[in-house]
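Our numbering numbers the first residue of the sequence shown as 523 and each following residue consecutively.
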Amino acid sequence: MKLLFYDVATPIAYTNTTIAERGLGGTEATIIRIAHSLKHEHTVYIAQHCRTAQEDSIFDGVSYLSLESANQLLPDAVVLLREYEWIDRVGELFPHAKHYFWIHNFPPRDLYLTYHALLKYHFEIIAVSNFHKQTIVNRLKPRWYQNFYRAMVPHHAIKISVIYNPIDDLLYPDYTVWDPNQLIFMSSPHKGLAECLKNFVKVAEQFPDLKLLVCNPGNWDHTLSIPANVHVLGAIPHDQVIEHVRRSLCVFYPQTKRAETFGLVYAESNAVGTPVLAHPVGSAKEILNGTTQLVNGKSISAIIKKIAQWRTQRPVIVGKDEFRLKHITKKWLDLLMERPTSS
523 MKLLFYDVAT PIAYTNTTIA ERGLGGTEAT IIRIAHSLKH EHTVYIAQHC
573 RTAQEDSIFD GVSYLSLESA NQLLPDAVVL LREYEWIDRV GELFPHAKHY
623 FWIHNFPPRD LYLTYHALLK YHFEIIAVSN FHKQTIVNRL KPRWYQNFYR
673 AMVPHHAIKI SVIYNPIDDL LYPDYTVWDP NQLIFMSSPH KGLAECLKNF
723 VKVAEQFPDL KLLVCNPGNW DHTLSIPANV HVLGAIPHDQ VIEHVRRSLC
773 VFYPQTKRAE TFGLVYAESN AVGTPVLAHP VGSAKEILNG TTQLVNGKSI
823 SAIIKKIAQW RTQRPVIVGK DEFRLKHITK KWLDLLMERP TSS
């Protein structure tokens, strides 16, 4: 099968080598892992809107293409990434392919406006968690006052599958000694960093020896004021991030405003045995292995109490095996085999 991932949302042109070279967002890292795992069974292409035709190249058996080049292909299946405005366009470009819409992020509140295009081109939606799926289901429903759309939309006509984002098969705890004074934040700044910094300042008043490392794959927010004992490492390679996570008391993520649809920060941290201090928002309960990692992020006293407990008795955390790449690859292979083309 010729399989095309159609990425019109990525902020940078990437390849499988980018993970080792610099920080990369969770969506882009996931696309790379899945594509290179599926290459053993299928011919795989990744098209990127910010890549030119002159930059077309093959890395480790996967073709990285411009949209211009990708639009000349005759793929058997196309996976559109995130941007719902492209549903019609992708359906028109590849009328005989299977169509998938891999959303990753929060769907817009007016997602119901895409319903007829999704039906027309036989798109199947791929969600990255059960929480994410339910959000998509809710946002495919028109509002009660939109009688026209309610009358035109058939019930449960669009299939939504859940496939978790993968973590490396070899990501396990090792003999790294953890530091009771080191915390780490490893998400994009827009995912609650400002709130976490405010919380850290209050926690550090109780534990002056604490330090917080900040690794961020996203664009830095230059309006942020960096408190004492906060060290901004920036967009560093993934293996370096994991080394810091192993050495940390915990991933410090008690933000309350930005729900994760999956949360590689949860899955990868737990995989190496590091707990995540997280508010029960979004997919946190589903992805984290154990409720002991959940805290009321709106209660600074609860956060301080949890840190105090963990500094003397850090919880033993084991990651969930179902997130490993070998299992997620099997889910993808099954998905690609089960649907006829839309022709």
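Positions of the beta carbon are idealized from the N, C-alpha and C atoms, including for glycine.
This one's a predicted model, so the numbers in the text were calculated from it and none came from an experiment.
Would you list the one or two residues that DSSP bridges to residue 621?
-> 600, 645
Where do the ends of the alpha helix (DSSP H) carrying residue 680 lie?
-> Counting along the chain, residue 680 falls outside any alpha helix (DSSP H), and DSSP gives it neither H nor E.
Just curious, the beta strand (DSSP E) that residue 529 is in, first and last residue?
-> 524-529
Beta-carbon gap between residue 624 and residue 601 smaller than 7 Å | yes
Under 7 Å, do residue 661 and residue 633 count as touching if we go by C-beta distance?
-> yes
Select from 685, 577, 610 the residue whose C-alpha is nearest the C-alpha of residue 849.
-> 685
Give the DSSP-derived three-state secondary structure of residue 609 in the structure shown.
-> helix
Could you tell me which uninterrupted alpha helix (DSSP H) segments, each at least 4 residues in length, are contained entirely in the stretch 532-580, listed from first to last along the chain?
-> 540-543, 548-560
Using alpha carbons as the reference points, say which of 790, 532, 717, 757 lies closest to residue 749.
-> 717
Helix, strand or coil at residue 800 [DSSP, three-state] | strand
Let me know if residue 785 comes out buried or exposed under the rule of 16 or more other beta-carbons within 10 Å of its beta-carbon.
-> buried
Residue 700 to residue 845, Cα distance in whole Å?
-> 24 Å
For residue 629, I'd like the list of residues in its chain whose CB is within less than 6 Å of its CB, leaving aside the five on either flank, ordered along the chain.
-> 658, 661
Three-state secondary structure assigned by DSSP to residue 821 | coil
Note down the Cα distance separating residue 693 from residue 764, rounded to an integer number of angstroms.
-> 9 Å
Through-space distance from residue 656 to residue 664, alpha-carbon basis = 15 Å
Nearest residue (CA-CA) to residue 614, options 645, 758, 584 = 645
Cβ of residue 788 within 7 Å of Cβ of residue 798?
-> yes
Taking all protein chains shown into account, decide if residue 557 is buried (16 or more other Cβ within 10 angstroms of its Cβ) or exposed.
-> buried
Contact check, residue 704 vs residue 770, beta carbons under 7 Å | yes
Specify the secondary structure class of residue 815 as computed by DSSP and reduced to three states.
-> helix
Nearest residue (CA-CA) to residue 688, options 563, 826, 851 | 851
Can you name, in chain order, every residue of its own chain whose Cβ lies under 6 Å from the Cβ of residue 691, other than the five neighbours on each side?
-> 846, 847, 848
What residue does the beta strand (DSSP E) around residue 627 start on, and which one ends it?
-> Premise fails: residue 627 is in no beta strand (DSSP E) and is neither H nor E.
May I ask you to report which of helix, strand or coil DSSP gives residue 831?
-> helix
Range of the contiguous alpha helix (DSSP H) that encloses residue 658 = 652-662
Member of 526, 531, 576, 532 whose CA lies at the smallest distance from the CA of residue 495 | Absent from the structure is residue 495, since the part of the chain shown begins at 523 and ends at 865.
Compute the Euclidean distance between the alpha carbons of residue 589 and residue 532, then round it to the nearest angstrom.
-> 12 Å
Beta strand (DSSP E) segment containing residue 729, residue limits = That residue, residue 729, is in no beta strand (DSSP E); it is neither H nor E in DSSP.
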